[in-house]
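Asks: Sharing a structure with you now.
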Amino acid sequence: AQKVTQAQTEISVVEKEDVTLDCVYETRDTTYYLFWYKQPPSGELVFLIRRNSFDEQNEISGRYSWNFQKSTSSFNFTITASQVVDSAVYFCALSEPTTDSWGKLQFGAGTQVVVTP
Amino acid sequence: DAGVIQSPRHEVTEMGQEVTLRCKPISGHDYLFWYRQTMMRGLELLIYFNNNVPIDDSGMPEDRFSAKMPNASFSTLKIQPSEPRDSAVYFCASTLNPVGPDEQYFGPGTRLTVT
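Protein chains in written order, with the working numbering: chain A, 18 to 134; chain B, 49 to 163.
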């Protein structure tokens, strides 16, 4: 079963518009971690944020902000005043504890963001 | 730090040939991961190592795939024999991960095309 759902396949916006990417996750663990990664057209995966399940404070980093709501199992990501350089595929990921370690990252399908001038 | 290094960056091979992908993790990182990315299946974890020991290989698609980590600074992913459905981008990632999951640092990927 899919543990991380990113229902939006592609979002197209005009520069300076805000864009919100949805991420819904599923887990039975009380302790877990959530991540967002960016994959620009060049192909590499770039880490954006890590959030643990005990920290529900929203976070802002420049034009990026994240809204973590355990009640709805969501970890949404907003880009404010989008720029062309924000065009990329954005992945949400979940890490649950295992008997061995925290190693496995389970990725959502990704949301393609296209920002046009 | 040079980051995670993968080679080759691109590989084109014919069906039936052996393919070896290589990865050098960031120095000091205890965990190494191999991922595969395709349009159909997205990003999927194939296998990961902790201190050179394979921990979870449940994502390895079949016996044609094998991975090794002979030392802390080198890992290989081998496909023998290769098939067209193996065409994908293969990423290697590493992390320190002392307690909870740290961020994983990804390499640039190897784009494999099997004809």
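Even for Gly, the Cβ is constructed at its ideal location relative to N, Cα and C. Model, not experiment: these values are computed from the prediction.
Under the assumption that Tyr79(B) contacts Asn98(B) (Cβ atoms under 8 Å), give the Cβ distance between them as a whole number of angstroms.
Replies: Within the second sequence, numbered from 1, the residue matching residue 79(B) stands at position 31. Within the second sequence, numbered from 1, the residue matching residue 98(B) stands at position 50. Contact flag correct, Cβ pair sits at about 5 Å.
Asks: Going along chain B, which residues have a C-beta under 8 Å from Glu61(A)?
Replies: Within the first sequence, numbered from 1, the residue matching residue 61(A) stands at position 44. Under the 8 Å cutoff, chain B gives Phe154, Gly155, Pro156 and Gly157.
Asks: Which first and last residues belong to the beta strand (DSSP E) in which Val101(B) is found?
Replies: Residue mapping note: residue 101(B) aligns to position 53 of the second sequence, counting from 1. First-last of the beta strand (DSSP E) with Val101(B): Val101 to Asp104.
Asks: Please state if the CB of Phe113(B) and the CB of Ile127(B) are separated by a distance shorter than 7 Å.
Replies: Position 79 of the second sequence, counted from the start, is the residue given in the question as residue 127(B). Position 65 of the second sequence, counted from the start, is the residue given in the question as residue 113(B). Yes. Within cutoff.
Asks: Using Cβ-Cβ distances below 8 Å, what residues of the stretch 99-114 of chain B are close to chain A?
Replies: Cβ contacts with chain A: Ile103 and Asp104.
Asks: For Thr61(B), I'd like the list of residues in its chain whose CB is within less than 8 Å of its CB, leaving aside the five on either flank, ordered along the chain.
Replies: Looking up residue 61(B) in the second sequence gives position 13. Excluding sequence neighbours, Thr61(B) sits near Val67, Ser130, Leu160, Thr161, Val162 and Thr163.
Asks: Under the assumption that Phe108(A) contacts Gln56(A) (Cβ atoms under 8 Å), give the Cβ distance between them as a whole number of angstroms.
Replies: Within the first sequence, residue 108(A) is the residue found at index 91, counting from 1. Within the first sequence, residue 56(A) is the residue found at index 39, counting from 1. The pair is a contact, with the Cβ atoms about 7 Å apart (cut-off 8 Å).
Asks: Check whether the stretch 93-108 of chain A and the stretch 26-35 of chain A are in contact - that is, three or more C-beta pairs closer than 8 Å.
Replies: Yes, the stretch 93-108 of chain A touches the stretch 26-35 of chain A.
Asks: CA-CA distance, Ser29(A) and Gln23(A)?
Replies: The residue given as residue 29(A) occupies position 12 in the first sequence. The residue given as residue 23(A) occupies position 6 in the first sequence. Distance between the alpha carbons of Ser29(A) and Gln23(A) is about 15 Å.
Asks: Near Thr95(A), which residues of its chain fall below 8 Å by C-beta distance, leaving aside the five closest residues on each side in sequence?
Replies: By 1-based counting over the first sequence, the position of residue 95(A) is 78. Here the set comprises Asp35, Val36, Thr37, Leu38, Tyr81, Ser82, Trp83 and Asn84.
Asks: Does the stretch 115-122 of chain B come into contact with the stretch 131-139 of chain B, if we say contact requires no fewer than three beta-carbon pairs (one atom in each stretch) closer than 8 Å?
Replies: Contact between the stretch 115-122 of chain B and the stretch 131-139 of chain B is absent, because fewer than three Cβ pairs lie under 8 Å.
Asks: Based on the DSSP secondary-structure assignment, which residues constitute the bridge partners of Gln86(A)?
Replies: Taking the first residue of the first sequence as position 1, residue 86(A) is located at position 69. Looking at the DSSP assignment, Gln86(A) forms a beta bridge with Ser91(A).
Asks: Within this structure, are the beta carbons of Val130(A) and Ser104(A) separated by less than 7 Å?
Replies: Position 113 of the first sequence, counted from the start, is the residue given in the question as residue 130(A). Position 87 of the first sequence, counted from the start, is the residue given in the question as residue 104(A). Cβ distance < 7 Å, so Val130(A) and Ser104(A) count as in contact.
Asks: Below 6 Å CB to CB, which residues in the same chain sit around Leu69(B) once its five sequence neighbours on both sides are set aside?
Replies: Translated into positions along the second sequence, residue 69(B) becomes position 21. Within the same chain, Leu69(B) has close Cβ partners Leu125, Tyr138 and Thr158.
Asks: Helix, strand or coil: which one does DSSP assign to Arg70(B)?
Replies: Counted from its first residue, the second sequence places residue 70(B) at position 22. Here Arg70(B) sits in strand by DSSP.
Asks: Please name the residue or residues paired with Gly90(B) in a DSSP beta bridge.
Replies: The residue given as residue 90(B) occupies position 42 in the second sequence. Per DSSP, Thr86(B).
Asks: Do we get a CB-CB distance below 7 Å when we pair Glu151(B) with the residues of chain A?
Replies: By 1-based counting over the second sequence, the position of residue 151(B) is 103. Taking Cβ atoms only, chain A reaches closer than 7 Å to Glu151(B), which makes this a yes.
Asks: What residue range is occupied by the uninterrupted beta strand (DSSP E) comprising Gln56(A)?
Replies: One-based indexing of the first sequence puts residue 56(A) at position 39. Tyr50 to Gln56 is the span of the beta strand (DSSP E), which, as asked, contains Gln56(A).
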